[in-house]
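J.: The sequence shown begins at 1 in full-length UniProt numbering and counts up one residue at a time. Take this structure first; my questions come after.
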Amino acid sequence: MAEDERPEQEMIVKKPSYVKKVAAFHIDSFNYVLREGLSAALKDIDPIHTGTKPNVEISIDEVLLDHVKYPMPLRKHKKDIFAPEIRERKITYNGELDIVLRFETETNVYTSSRIFFLPLMVKSDLCPLKDLDDSEMIKRGEDPNDPGGYFIVDGSEKIIRAFVVPRRNYPLVLMNERWKLIGSGYSQYAVLTSCNKGNHRMADVFLHYVSATKKTGHPSIEVRVFYYGKPYFLPLVLLLKSLVDESDFSIIREITKFNDDPSLKLFLKNLFHDLHSIVPSDPSYYVSECIVTHLQAKNFIGKLFHPVFKGSPNASYCEVTDHFLKSCVFIHLEKNEDKFHLLCFCICKLFALARSQCNSDDLDNPVFQEVLSPGQTYLLAVKQGANYFLNSVKNSLKRKIEEKISSSSKKLSAKDFSAFLGEVIKSSTSKAVSLTPIVKSFISTGNLPGNHGLASSTGFTVTLERTNVFEVASRFDGIYKFSMNFYAKNMRKFYPESWGFLCPAHTPEGENIGLYNHLSLGCEIVSLNSTPIEGKLLHKLGVLPFYDPFTYCSFNKSPVFVDGKMLGWINKNSIPRIVDQLQFLRSKGNSLIPDSTEIVPILEGEQSNLFPGLYIFSTPCRFVRQIKNNKHMNFELIGTFEQLTARVKLFGDDSDEYSEANNCNFLGMAAALIPFGENNPAQRNIFTTGKSNQAVSFPFSNSKRRTDTKSMFLSYPQVPIVTTSEYVKYNWDENPSGINLSIAIISYSGFDMEDATVLNKASVDRGLMRDVMYKTVTYDFQELAGDFGSDSKISELVFKRDPNQLHLSDYLDADGTPYIGQRVEKGYPILSVFSTKSKKYIIKTYQSRRPAHVDEVKLLGTSPSLTDGRRLPSETQKIAIIYCTKRIPEVGDKFFNRHSQKGICAAILPPEDLPFSADGFVPDILFNPHGIPSRMSVGMLLEILASVVGVEKNKREDVEHFQFSEGETAIDHFGNILKKVGLNFYGTQKFYSGTSGEELEADIFCGFAYYFRLKHVVEEKFQVGSVTEDVDPKTMQPLNIDKAGAIKFGEMERDAILSYGAMNLTLDRLLLNSDSCKAFICEECQQLLFPVTRPPNAEFREAVQENNRCRMCEKESTFGVRIPYVLVYLVSELAAVGIKFQFSE
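Below you can see the structure in the form of C-alpha cells.
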C-alpha cells in the first residue's frame, strides 16, 4: 500500500522515540531518588555527637523535596517555572529540599530545619513538564521531542554519566599482581565483594590470600575493609569469631560445607591455632591476649577501633564493634549470621582459586558488571553534602556550648541550659555549610570528592551537546569506565559475553576506544524501583535453610546464592528441575519472581570452571536483554550472567530453547541506522557511529526560547531514500540530519584524490549542505559593573548610547544595544553601558573573526526574591546578544556518508564543467573510485544502487540487516529491478565530459547517497593572520584558533609541499613567516647563547637585551643565525635536564 493511501488512523499513530527511550532510564533512576532514595540516604547517615557535657546527638529526622514556585509581581499566587524559562535565563532548575534535624540530649529533644536548593532533573516527577502532551509542550516553549533526563545548571544542560561498576554484593575471585606490594607474603589472589546498601552506600570487602611466611609457616587470609574511608586489615578468624557466637569446630564445619577438601580444614585449623596461641611479647601480632570467645573477639576489635569511632563517647567496645560490622562488613546484610555465611562462601572461593580449582573472574567482563545509575551518583553527592552540613552544625554547636560553659561563673541550671541550647541550635543550623553549592558544583563540574566508595572523584557529569539527535542519544545510552588505574590491562577488549548488551561498533576512535561503549538496541538496565525475588518461593521449591540438619549429611549439595545472601542449600540433582520451574514462573509473569531475574546454574566442570552453585539475581542496575523463548512462545529477559548458561540461537532458528528476538538487537542505534552495514569493515562502522555525532542537523525546534552558546541548523535537511528497519521503527524522519546527494563514482578533475570530493556549484547555490549558525554572547550585569570599578553597583548601570560619539548611531540604538539585523564584523561596537555614578561609558565590541548578523537581544534574569519568607537562590541579571551566520560550503569543508566515506571538498566547479549523462543528469558530488577499495565500504555502493531503485519506484527503500545472503545477493535483487525498468543491471550510465563534450570510455556508476555535513568548517581552522599576535610568550607558538592562531604545518603538509619541489614555500611557512628569530652560536663551544637577541614577537623584542657573549669561554660571537624559536625552546628544555646540545658546521 502506498504511503499516501494508508488509513487516517494509521497515519496519526506516533511512533516511539529512541532518545526518549534511553533517557527514560535516567529519569526513572531520579524518580527513585524522589520517591524513597533521598529520604533513605539522608536518614541512613550515622548520628554525630558533640562530645560535650552534656553530649548532644545530632541526626536527620525528616526530609522533604519539592519543586520551587516563584512569586509573581503584584500577585498573591505563585507560578511554576518551566525548563525553557530556566534555560533562557541561564539559571539553575532547582527543587526545594527541607531537612529537619533532631538534637537529642539526655533530657530533651529539639528540632531545627533548613532549606536547600538542589538541581532537579527535567521531566522527572517534580518537573511540571512531566505529563504535558506535545501541544502543551509547545505552548510552554519546549521542544515536544525533548527527552528530559538532564539537569540545567546556570543555563547549561548536564547529564550524569552511567558508569560500569562491579556487580553488587557478589564475591568476585580476582588476580592482580599489584596486591603483592601490600606487604610480605601477600599473593595475587583475593576476593572482592562490592557491597551496595540501599543504592546510596557502597563499601568494598577484600579477602587477601597470604602465602606462608617464616613466622607463620602456613598460608592465611587477611580481610581488608574500609572504615570512615580508610583501609584496615584484620585476621580472618578474628572477624569470624566476632560475627557469630560459635565454637571453632562449628565455624570450621560451616565453612567446609562449601568445600570438603581436607586441606581446607587443615588450613582453617592452623588459623584458629594462631589466634589461640598468641605470644604477648611479640609485637608483630595483632593481639596481646588470647582470644577464644565471641565476646573477647568483639571487645578486642572495639578496643582497636575506639580511637577512630565517631559515635557516642560513652559507647562500649562491643557497641563500637557492632557499628564497625554494620558500616563496613557486608553492609547490604542486616544480620551477622548472614554476613558469616557469605564470608564462609568467600573463603571457599578464595581457597579454590589459590588451589587452581576454579578460574578467576574478570572485572572487565560485563558478566561481573552492573551500571552505576545517575540516581545513585546523585544520592552519593547529596549524602556527601549532608555530611558536611551535619559536621558544620556539630562544630558550631560544640564551640558555642564550650564557650558558654567556660564563660559561666557558676553551673548553669537545666532550665537555663535548655533555653540557651534551643537558641544556639537554630543559629548553628542556619549558619552551617550549605548543601546547595556542593551539589550544584557536582552537577556543574562532575567532581565528587570525599569517601564515597567509588574508584574516581572526577568526570561524573558531561554537558549535553545539541549538535544533533545522534549526539543527544549517545549521551544517554553511553556506558563509561572510570580509569586505567581501576581496570586491568584487558579493559579495552570487547568480550564475547557483551553480545546483545553492548554495541560492538559504537565506541570512539583514539585513546578512549573501549573505555566508552553504548547500549545495544535490545539491552535494558534494570530499574532501581524493581522488586526483589521472594525467598519463600525458593524454599517451597526445595531449597534447604542454611542450618537445616539435613545439610550436615554427606549428600551432593550446592549453595544457593540470592542477591548477595547465602539462602541455603540444594541437592545438585534437583537444580535442573528448580531452574525449569523458576524460568516457567518468570515467563508467566509471576509476582513472586520479577521478569528481569537472572537464574544461573553453575555445575562443576562447566561454564569456564566457575565456582559451582545456583546463583539468582534480581538486584537493580543489571544489564538485561530480550530474547525469544521457543518453548513457551514468548519473550523473556536474560542478563549477562545467565547468557553464559542459555543456549541462544540466531533469529529465525527455533531448534533450541531460545533464539534472538531480531537480527539487529546486538547493534546500537547509530550502527543500526547504517544500511548494508554488514558489508562494511568493522572499522568503517565504528567511524560512522563516531562521526554521526558531529553532523549538522536540526537539533531542536524551540530555538527562540534557548540561549545556547553555539547551535547549528541545516537549512534544507532531507530524509534518506534508503532506510533500515530500525530507522522506520523509531521514526527518525523527525530528526533528519543529512541530504540525499546525486553522486558519480569517477576520477575526473584531479582534485578528487582519494578522500577529496568535487561539488557542483549550482547545487551549492541552490542550498546544498548550507547551514545557519547561532552564537550567543552573554554579559553579566555584575561583570559590567566591575568594569567601572570594584565599588560600582548594578543599580548604577544604564544601557545608553554615548551622544558625543556620533558614529555609534550607525551601530547602536538609543538604548546602547545593536540594531536587529545589523551586520557586524570584528571590532564593531555592539553594547554601550553608562554608569550614573562615574559618568563614564564602556563600549563592548564584537570579537569573533567571522562576520555575523544580530538576530536577537535579550534581557535575562531578575533580582533575588523571597517566597514564604525564604530567600530564593540569587540570580544576576544578564544581557544576551544572539548572532546569526550563514555558512555556505567551501573548499576545505568536510562531508561524510553513512559508510564513513569522509571527504574534504577539494573544488567547487560550475555544472558546465562537470560530466553529465545522456539524459542531462549532472551529479551534485564527484567521488574518486580509489576511495572504495582502500576502505572496502561496499555498503556505500549497495546504498547507491538501492537509492536508484527507490527513485525509479518513487518509493523509499527499507532494508533489514542481514536481509541478503550469498544465495540472494543485494546486487541481484536491485539489479533485476533496474533491468526491468530499462536501466543497467549494475547501475552504470554513459557520461560525457563537461569540458570537451566527448563520451567517456568507461561506464560511470552513479546514483544517490545520504551525506552529512560535519560541524567543523575550514574557516575555523585555516591559517590566518600573523604569528606576531596572540602567541604563547614561552614558545612563541600561536594560541588556539579562536584567537587568530593558525593550524599546524606538520610532517604530512611538509612532505606534500616538498613533493612539488616548492622549497621556498616550506621555508616561508616554517621559518620566515612563522617564529623566525636571530640567535648567536658560540664558535668555540658550538652552543646556543641565551637569551635570544631578537624574538619574533614584537611585544617581546624590546624586553630582551642583546647578548652575544658566551658564559663558558667568555668570548664574543659574531656568528648570528636565523632559526625557529621553537628550536630555542627545545634547547633550553634539554639544558634544564642536563642534556648538552651542540651545533656543527
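We put the beta carbon where it would ideally sit given N, CA and C, even for glycine. As the structure is a computational prediction, the values presented were derived from the model and not from experiment.
Which complete alpha helix (DSSP H) runs does the segment 285–371 hold, if anything under 4 residues is left out?
T.: Segments of the alpha helix (DSSP H) lying fully in the segment 285–371: 294–305, 317–328 and 336–354.
J.: Taking the runs of the alpha helix (DSSP H) that are 4 residues or longer, which of them lie wholly in the segment 769–848?
T.: Those alpha helix (DSSP H) runs which fall completely within the segment 769–848 and span 4+ residues are 781–787.
J.: Over the uninterrupted alpha helix (DSSP H) stretch that includes S558, give me the two end residues.
T.: S558 -> not in any alpha helix (DSSP H); beta strand (DSSP E) instead, spanning K557 to V562.
J.: Indicate the three-state DSSP secondary structure (helix, strand or coil) for L181 in the structure shown.
T.: Residue state, collapsed to three classes: helix.
J.: Please determine, among E177, I944, S965 and V543, the residue with the shortest C-alpha to C-alpha distance to R956.
T.: Measuring from the Cα of R956, the nearest candidate turns out to be I944.
J.: Report all residues from its chain with a CB closer than 6 Å to the CB of I794; omit the five preceding and five following residues, and keep chain order.
T.: The answer, listed in chain order, is F781 and A785.
J.: Would you be able to state if there are at least three C-beta pairs under 8 Å between the segment 152–164 and the segment 89–99?
T.: Judged by Cβ distances under 8 Å, the segment 89–99 makes contact with the segment 152–164, as three or more pairs qualify.
J.: Once you ignore the five residues that flank Q188 on each side, which residues in its own chain have a CB closer than 7 Å to its CB?
T.: So the qualifying residues of the chain are M175, N176, E177, W179 and K180.
J.: Taking the alpha-carbon positions, what's the S1132 to L1067 distance?
T.: Those two C-alpha atoms are separated by around 23 Å.
J.: For the pair the segment 844–857 and the segment 822–829, tell me if three or more CB-CB distances fall below 8 Å.
T.: Contact between the segment 844–857 and the segment 822–829 is present, because at least three Cβ pairs lie under 8 Å.
J.: Report the start-end ranges of each beta strand (DSSP E) in the segment 640–714 that is 3 residues or longer and not cut off at the edges.
T.: Runs found: 658–660 and 710–714.
J.: Quick check on DSSP: helix, strand or coil for N94?
T.: The answer is strand: DSSP assigns N94 an E or B state.
J.: Would you mind sorting H619 into buried or exposed? The rule is 16 or more other CB atoms within 10 Å of its CB.
T.: In the sequence as presented, His is not what sits at residue 619; that position holds Thr. With 16 or more other Cβ atoms within 10 Å, it is buried.
J.: For A918, count neighbouring Cβ atoms within 10 angstroms of its own Cβ and tell me buried if that reaches 16, exposed if not.
T.: That one is exposed.
J.: Using CA atoms only, rank isn't needed, just tell me which of Y32, N740 and I48 is closest to P720.
T.: When only C-alpha atoms are compared, the closest one is N740.
J.: Have a look at Y658 and D133 and give me their C-alpha separation to the nearest angstrom.
T.: About 39 Å.
J.: Relative to the C-alpha of M712, which candidate in A682, S184 and L1014 has its C-alpha closest?
T.: Comparing Cα positions, the closest option is L1014.
J.: Determine, using beta-carbon pairs with one atom in the segment 639–656 and one in the segment 667–675, whether at least three such pairs fall under 8 Å.
T.: With the cut-off at 8 Å, the segment 639–656 and the segment 667–675 do not touch.
J.: Assuming D143 and N760 are in contact, meaning their beta carbons sit under 8 Å apart, how far apart are those beta carbons, in whole angstroms?
T.: With a Cβ gap of about 34 Å, D143 and N760 do not count as contacting.
J.: Between which two residues does the beta strand (DSSP E) harbouring Y388 extend?
T.: Here Y388 belongs to no beta strand (DSSP E); instead the alpha helix (DSSP H) covers P374 to S407.
J.: Using the Cα positions of I401 and R114, report the straight-line distance between them to the nearest angstrom.
T.: If you take the alpha carbons of I401 and R114, they lie about 21 Å apart.
J.: Suppose you measure from the CA of L118 to the CA of T707; what does that come to, to the nearest Å?
T.: Between L118 and T707, the C-alpha separation is close to 22 Å.
J.: Taking the continuous beta strand (DSSP E) assigned at G903, which residues delimit it?
T.: Taken as a continuous stretch (DSSP letters only), the beta strand (DSSP E) holding G903 covers G903 to L909.
J.: For H853, does the three-state DSSP call read helix, strand or coil?
T.: Strand.
J.: Assuming G522 contacts R647 under a Cβ cut-off of 8 Å, what Cβ separation, rounded to an integer in Å, is found between them?
T.: Actually they do not touch by this definition, with Cβ atoms about 17 Å apart.
J.: Looking only at its chain, what residues have a beta carbon closer than 6 Å to the beta carbon of K303, apart from the 5 residues adjacent to it on each side?
T.: The answer, listed in chain order, is Y317.
J.: Have a look at S59, R850, K691 and P829 and flag the residue whose alpha-carbon is nearest the alpha-carbon of I843.
T.: Here the closest residue by C-alpha is P829.
J.: Per DSSP, what kind of secondary structure is S1074 in: helix, strand or coil?
T.: Of the three classes helix, strand and coil, the one that applies to S1074 here is coil, per DSSP.
J.: Mapping DSSP to helix, strand and coil, what is N609?
T.: In the structure shown, N609 sits in coil (DSSP, three-state: anything other than H, G, I, E or B).
J.: Please report how far the alpha carbon of D1075 lies from the alpha carbon of R1122, in whole angstroms.
T.: Distance between the alpha carbons of D1075 and R1122: 10 Å.
J.: Where do the N-terminal and C-terminal ends of the beta strand (DSSP E) with D958 fall, by residue?
T.: Residues E957 to V959.
J.: Tell me whether residue 1148 is buried or exposed, calling it buried when 16 or more other Cβ atoms sit within 10 Å of its Cβ.
T.: The chain is shown only over 1 to 1145; residue 1148 falls outside these bounds and no answer can be derived.
J.: Going along the chain, which residues of its own chain have a beta-carbon closer than 6 Å to the beta-carbon of K426, five neighbours each way excluded?
T.: S112, listed in sequence order.
J.: Quick check: what's the CA-CA separation for K120 versus V33?
T.: According to the sequence displayed, residue 120 carries Leu and not Lys. So the two alpha carbons sit approximately 11 Å from each other.
J.: May I ask you to list the residues that DSSP assigns as paired with E598?
T.: Its beta-bridge partners are F617.
J.: Using the three-state DSSP reduction, which class does M175 fall into: helix, strand or coil?
T.: Strand, per DSSP.
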